[in-house]
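For my numbering, count along the sequence shown from 1 and bump the result up by 80.
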Amino acid sequence: MTMKLWYSPASPFVRKVLVFAHETGLADKIALVPGNVWEPDTKITKDNPLGKVPALSTPDGVFAGSFLCCEYLDTLHPGPRLIPQDGPERWPVLQLHAFADGMIEATVASVTEQLRRPKEYVYQGTLDRQNAKIMRTLDRIATMKLTQTSNIATTTLGCALAYLDFRAPQLAWRDGRGALSQWYETFSARKSMQATVPHA
């Protein structure tokens with residue numbers, strides 16, 4: 081079965097799906113289709129009427145959004161689930177995932193404000209608000225027990241921190257967060273992370 085993934089090369093949400101696909105051994109079953117979400121006539125809308133990436137087109141229909149793409153992929157491989165279905169593992173994984181995913185959302189909102197608005201209309205209040213969300217979330221995550229186990233939460237956190245390096249280095253997220261920084265250095269060395277390094 082070959083699937084089609086609408087993607088943008090710099091999107092951290094797309095990278096999350098790609099890392100997940102590598103970790104589950106499904107990357108070679110996914111054909112990448114580039115799409116520019118900012119074009120008025122973007123072809124992405126043929127599959128995803130929201131006009132957003134990622135969108136995964138499969139024989140079972142189209143899955144929109146990174147979590148749903150990953151949840152679908154998690155049903156297609158024979159290994160342990162990367163999204164725990166039950167038991168004591170499930171809730172801590174989903175809690176960390178929510179924080180990391182929200183941090184990506186805040187970073188993307190900040191980047192969009194800066195890159196897509198005319199400079200004279202960029203609102204500093206929006207940037208400050210998103211940056212405050214990011215810093216608070218980093219501080220919370222730094223207090224959590226992190227492992228190198230590959231799952232939806234660690235994948236999302238790795239992509240979130242990489243995106244901060246890529247698009248918001250001025251936030252210096254490592255400052256005062258030595259353990260989190262060390263966690264990232266180890267996690268980012270995984271083959272799945274190395275195979276999906278973003279580019280503008």
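Think of the CB as a built atom: it goes at the ideal place given N, C-alpha and C, for glycine as much as any other residue.
Since we're looking at a predicted model, the values are computed, not measured.
Helix, strand or coil for residue i, going by three-state DSSP, please let me know.
i    : result
V277 : coil
G182 : helix
I214 : helix
S88  : coil
V202 : coil
Q142 : According to the sequence as given, residue 142 is Val; it is not Gln. V142: strand per DSSP, three-state reduction.
I163 : coil
A282 : With the chain running from 81 to 280 in the structure shown, residue 282 is simply not present.
Compute the Euclidean distance between the alpha carbons of residue i and residue j, then round it to the nearest angstrom.
i    : j    : result
W171 : I110 : 29 Å
F93  : M83  : 17 Å
Y243 : I221 : 16 Å
G258 : T227 : 15 Å
T206 : E193 : 8 Å
G145 : E151 : 10 Å
P168 : Y201 : 47 Å
Here's the rule I'm using: 16 or more other beta-carbon atoms within 10 Å means buried, otherwise exposed. How should residue i be labelled?
i    : result
E265 : exposed
A212 : exposed
N116 : exposed
H279 : exposed
D154 : buried
Between which two residues does the alpha helix (DSSP H) carrying residue i extend?
i    : result
L237 : I232 to R247
S261 : G258 to F267
Residue range of the beta strand (DSSP E) that residue i falls in?
i    : result
A111 : I110 to P114
Exercise for review: Evaluate the contact criterion for the stretch 107–123 versus the stretch 160–174: three or more CB pairs, one atom per stretch, below 8 Å.
Suggested key: Because the criterion of three Cβ pairs below 8 Å is not met, the stretch 107–123 and the stretch 160–174 do not touch.
Point to revise | Three CB pairs or more closer than 8 Å across the stretch 174–193 and the stretch 128–136 | key: Here the stretch 174–193 makes no contact with the stretch 128–136; the two share fewer than three CB pairs at distances below 8 Å.
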